[in-house]
Each structure stands twice: as C-alpha cells, then as structure tokens.
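In our numbering, the protein residues as written are 20 to 402.
Dropping the structure here:
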C-alpha cells in the first residue's frame, strides 16, 4: 500500500469515525495496529453553540470573504427593508441575495462599486436574440422591439425590472445597475405578492425558480445560500495580518462538504475511500475537505505548506500547552483533539470558537472548542 495512503487511512480510523447525527461528537474508534487489533468505542457529546438571529434580522457585522463590502452592505440593507415593502414576506436574509448575486455576477467582480452602490462599467448580459449565446435559443425583445439583455449585478431584464424596481439608496433613482437598488428589487421579486416564508425550504425553492426557471439554477443557488448562511451566523473575527488571511480562507469554505482525504493547497478536492464510514457517506464522490485538508488549504494562502495529516500537523509548530488553557490561544492557531492520540484539528477563531471540517456527512463549519479532548494548540504564525 502507498505509505501516504496508509497513513491517511490510519489517521482516518483514529480521526474521522465520529458520526452522531446533529451533534458535534464522536464515536472515536481506537485501533491498535499489530497482530492483534482491539477496538474500544467511546461516545463523546460536545454541545455546539451557534449564535443566530430571527427572520429578517441580519445583525452580524464585519466582512464576508469573497463579497465586496459595499455589495454586502447592499444585501443586508435590502434584507432590513424588504418587510416594509412586502409585509407578507418573512425569512428574507442577506445570504439569499448573496447566493443569487454570486451566480449572476460574482458580486460585480471586475467592476468598481462606489459607496453609493453605482457599478462601473455596467454589467451587461448577452443580447438575447436567439443565436445561442449564453444558452439563449428563443429571442426575447424589449417593449420597444429591440432584443433584450439582462443587466446589473442581479441580471434583470427590462420588463422584469419594471415590475419590481426599487430605490434602495434613496437617491431618487431606480437603477438596476446600482447595488442597493438591484438588491432590494431582487428581494421584492423573490417575495412575490402573496404570503411567503423564505425560511421554509420548499417556499425558498419556489421563489428561486420564479427568479430563474431552472432546477439546476435553483440547486446551485441553494448550495451557495447554505454556505453564506453559515457565515451569516458568525460574529466578526478579531484577527489581522497572516492570521486574518488564514481565517478568511477557511471561512470562505463554510458549507463545503466534508470529504475524507479531500483538500489541497488549491482548494477542495475529491475524497477517497476508507472502507468504512467515509464510504457509507459517499465521500469518494464528494468535492470537499477533511480536517487536515482544510488546514492545508488555509495556510497555503500565507505560503505555509502543511502535511495532509492531523498528527503530522501537531508536530509542525510551536506548542501552546493544554495546561495554558484556551486563553493562551490566538486567532489562526491550530487546535487539536486527542483521546490518547491526535484525531482532529481546527483553526482557532477566538472566543472559544474554531472553523473546521468535522466529520463525514457534515460540512465545513464553526464549532465551539470543547475541553474534553483538547490536546493543546500549535502556533505557526508569529505576530
């Protein structure tokens, strides 16, 4: 067997066989390699505390990796104003608007976004003349007879915008090329005209299908919304410099599936078979991260190469002793778990929280650092 694969399998048996639905916990399987193999199962319950808000009350602050500040402000402001325009619509949140804008324009990537939300140069979709460009085979015309094209960060057609146009930045103009106007218009369009609860998955799917009548589109946007929902529920992280770059990289992967053996310096990758729990979850068919793979990816952003193995990572830097407690940790430090051997790693955020890829069947997420199996930290980044 390939030595690296053997090491990963051994690490997975000791590290990743920890599945207990709706709990960050584990049935840690202790395996002693040799002529005799013995197993002891230990169940550990770790309570996860994640702060969240009520429907339509996105009170989190700070940046979200990958979203320009003005765009994020536009999404949040639209969320707060939606109910005043569509009182029967509940559950609107900025992550829904961000999910659509990521697909439609990558949050206006490549454009300048002014503080008032004006975007230059304008974002223009292909001319919908039925030529096949952009997948369009049916000509669509504006009321004046010219061929239509979608415009702005939310890619509105002229006729659609006419029915939902909003002045999101209170400048007296309703402009689909403006981030604040377009975000509020998109929120109004998603809500429709009747009662709507966007915290209900079925109703959210219906709203997204109304926005773009493609089930593939709906599934794509829902996956992004899930990722941003995880970020939406996290308070800002107090980190600077290299630590901030590492944390931003890891947090940008929130919602990405756990995949045993997955994760490289370039990003999520296909998982591999383990002959056990990971196979039952289909990790070998998922593109994602395992715990050490997420560390490899995040630290690569600051030029640090880690081995793809939690035990090897534990030996890769200066120790922050367990006895010193969590108060000795700094954002960006690695935190390790050990019931006798190192079996898990996360990236410390501060305030007893870490971002990690926890186990098969889960996604990259933020969890509370529990002291039950805490083995100490490793510091690679110096102030």
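Glycine included, every Cβ here is placed at the ideal spot set by N, Cα and C.
Spanning the alpha carbons of residue 198 and residue 172 requires a straight line of approximately 7 angstroms. Taking all protein chains shown into account, residue 150 has fewer than 16 neighbouring C-beta atoms within 10 Å of its C-beta and is therefore exposed. Residue range 88-104 is occupied by the alpha helix (DSSP H) that includes residue 95, with no beta strand (DSSP E) assigned at that position. Of the residues assessed, residue 365 falls on the buried side of the cut-off, its CB having 16 or more other CB atoms within 10 angstroms.
Among the bridge pairs identified by DSSP, residue 306 is matched with 289.
Boundaries around residue 183 are those of the alpha helix (DSSP H), 177-183, since no beta strand (DSSP E) includes it.
With 16 or more neighbouring CB atoms inside 10 Å of its own CB, residue 130 falls in the buried class. In this structure, residue 203 sits near residue 187, with a CB-CB distance shorter than 8 angstroms.
With respect to residue 374, residue 269 sits close: the two C-beta atoms are nearer than 8 angstroms. Rounded to whole angstroms, residue 389 and residue 215 show a C-alpha spacing of 39 angstroms.
For residue 207, the enclosing alpha helix (DSSP H) stretches over residues 198-210. Separation of the CB atoms of residue 175 and residue 195 is rounded to 5 angstroms, and the pair is thereby assigned contact status at 8 angstroms. When secondary structure is reduced to three states using DSSP, residue 225 falls in the helix class. Just measuring C-alpha positions, the residue of 343, 344, 341 and 325 sitting nearest residue 335 is 325. Residue 398 has its alpha-carbon roughly 13 angstroms from the corresponding atom of residue 368. If you compare the alpha carbons of 113, 147, 332 and 97 with that of residue 184, the shortest gap goes to 97. A direct Cα-to-Cα measurement between residue 104 and residue 259 gives close to 39 angstroms. In this structure, DSSP gives residue 186 a state outside helix and strand, which the three-state scheme calls coil. Residue pairing by DSSP places residue 138 opposite 132 in a beta bridge.
Cβ atoms of residue 377 and residue 386 come within 8 angstroms of each other, at about 7 angstroms. By the criterion of a C-beta distance shorter than 8 angstroms, residue 284 is surrounded in its chain by 315, 316, 319 and 324, once the five residues flanking it on both sides are discounted.
DSSP places residue 156 outside both helix and strand once states are collapsed to three, so it counts as coil. Counting every other CB atom within 10 Å of its CB across the protein chains shown gives residue 332 a total of 16 or more, marking it as buried.
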